[in-house]
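J.:
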Amino acid sequence: MATLASPSNAPYMSAMYDFKPSANSDKAALHADLRAAATAIVAGESDPIANMANVAAVIWQYLPDLNWAGFYRLIGDELVLGPFQGKPACIRIAMGAGVCGTAASTRTTQLVEDVHAFPGHIACDAASESEIVVPIIHEGRLIAVLDLDSPHPARFDRDDAAALEALCAAIAPAIAG
Ligand code: SME
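The sequence shown runs 1 to 177 under our numbering.
#1: Which one or two residues does DSSP pair with Arg158 in a beta bridge?
#2: For Arg141, does the three-state DSSP call read helix, strand or coil?
#3: Suppose the cutoff is 7 Å on Cβ atoms and the five residues either side in sequence are ignored; what does the same chain contact list for Leu30 look like?
#4: Please confirm whether Ala38 and Ile171 have their CB atoms less than 7 Å apart.
#5: Just to check my reading of the structure: Asn67 and Ser128 have Cβ atoms closer than 8 Å, yes? What is that Cβ distance to the nearest angstrom?
#6: Taking Cβ to Cβ, would you say Cys100 is nearer than 7 Å to Cys124?
#7: Between which residues of its own chain and Pro151 is the CB-CB distance below 6 Å, once the five residues before and five after are set aside?
#8: In this structure, what does DSSP give as the bridge partners for Val134?
#9: Could you name the residues of the same chain whose beta carbon sits closer than 8 Å to that of Asn51, not counting the 5 residues immediately before and after it, in chain order?
#10: Along the chain, where does the beta strand (DSSP E) containing Gly98 start, and where does it finish?
#11: Can you give the Cα-Cα distance for Val58 and Leu167, rounded to whole angstroms?
#12: Just to check, is the beta-carbon of Ala28 closer than 6 Å to a non-hydrogen atom of the ligand SME?
#13: Does the ligand SME have a heavy atom nearer than 6 Å to the CB of Asp77?
#14: Runs of 4 residues minimum, wholly inside the stretch 22-48: which ones carry the alpha helix (DSSP H) assignment?
#15: Which same chain residues end up closer than 7 Å to Ala104 when comparing Cβ atoms and leaving out the 5 residues on each side of it in sequence?
#16: Taking the straight line between their C-alpha atoms, what separation do you get for Pro7 and Asp149?
#17: Our contact map puts Pro83 next to Ile49 with C-beta atoms below 8 Å; I'd like the distance itself, whole angstroms only.
#18: Can you grab the Cα-Cα spacing for the pair Ala161 / His138, in whole Å?
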């Protein structure tokens, strides 16, 4: 369940966020909780970087078995590293390159059960075994991709893809800038 420890979201006031997944939630409930938390944490804030940073942190907190979670932003004609959780990662990715560039250029979610089998996969963390990348589109414009990596093969399935696509659609206005 997503809760705000402080009811105030006023600028400059300290709001302590107390988001945490409900105990023993099934996957659908966890996804619903995650989307509610992500939507709540960007509400009322217009800065795209701050919002991406908080959404990456919430994803990291809610979803098990991740070794990387974050954003690449479309700047000019390439993807540039945005806010994330995990090890330092490659900074610039060309459209069409790797899993991220493929998601961006095709505007379709890339669900990769085995990163070693994906042609052109860009290895930022040797621990990664599976990956999902969701394109984020706002008002018809590609603005970023959301990238999650896992140290487990086939960590992500179609339910994860659908849930993350819904999350990205919900937060797109808050990270469009
Ligand atoms: N594996 C990605 C690169 C980004 S890292 O996973 C953080 C890719 O192939 O595009």
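C-beta atoms are modelled at their ideal positions from N, C-alpha and C, and glycine is treated no differently.
T.: According to the structure data:
#1: In DSSP, Arg158 forms no bridge with anything.
#2: The answer is strand: DSSP assigns Arg141 an E or B state.
#3: Once the five neighbours on either side are set aside, the close Cβ partners of Leu30 are Pro21, Tyr62.
#4: Using a Cβ distance threshold of 7 Å, Ala38 and Ile171 count as a contacting pair.
#5: Right, the Cβ-Cβ distance comes to about 6 Å (below 8 Å), so this counts as a contact.
#6: No. Outside cutoff.
#7: Within the same chain, Pro151 has close Cβ partners Asn67, Ala127, Glu129.
#8: DSSP lists Leu146 as partners of Val134.
#9: Residues Ile41, Val42, Glu45, Ile171, Ala174, Ile175 of the same chain have their beta carbon placed closer than 8 Å to that of Asn51, with the five preceding and five following residues left out of the count.
#10: It is not in any beta strand (DSSP E) - Gly98 instead sits in the alpha helix (DSSP H) that spans 98-106.
#11: A straight-line Cα-Cα distance of about 12 Å links Val58 and Leu167.
#12: No, the Cβ of Ala28 stays beyond 6 Å of every heavy atom of the ligand SME.
#13: Within the chosen limit of 6 Å, the ligand SME does not reach the beta carbon of Asp77 with any heavy atom.
#14: Those alpha helix (DSSP H) runs which fall completely within the stretch 22-48 and span 4+ residues are 27-42.
#15: The answer, listed in chain order, is Leu74, Leu79, Met95, Pro135, Leu142, Val145.
#16: Low per-residue confidence applies at Pro7: pLDDT is 44, beneath 50, and the placement is therefore not dependable, though the value from the model is reported in the following sentence. Between Pro7 and Asp149, the C-alpha separation is close to 33 Å.
#17: Indeed they touch by this definition, with Cβ atoms about 6 Å apart.
#18: Distance between the alpha carbons of Ala161 and His138 is about 18 Å.
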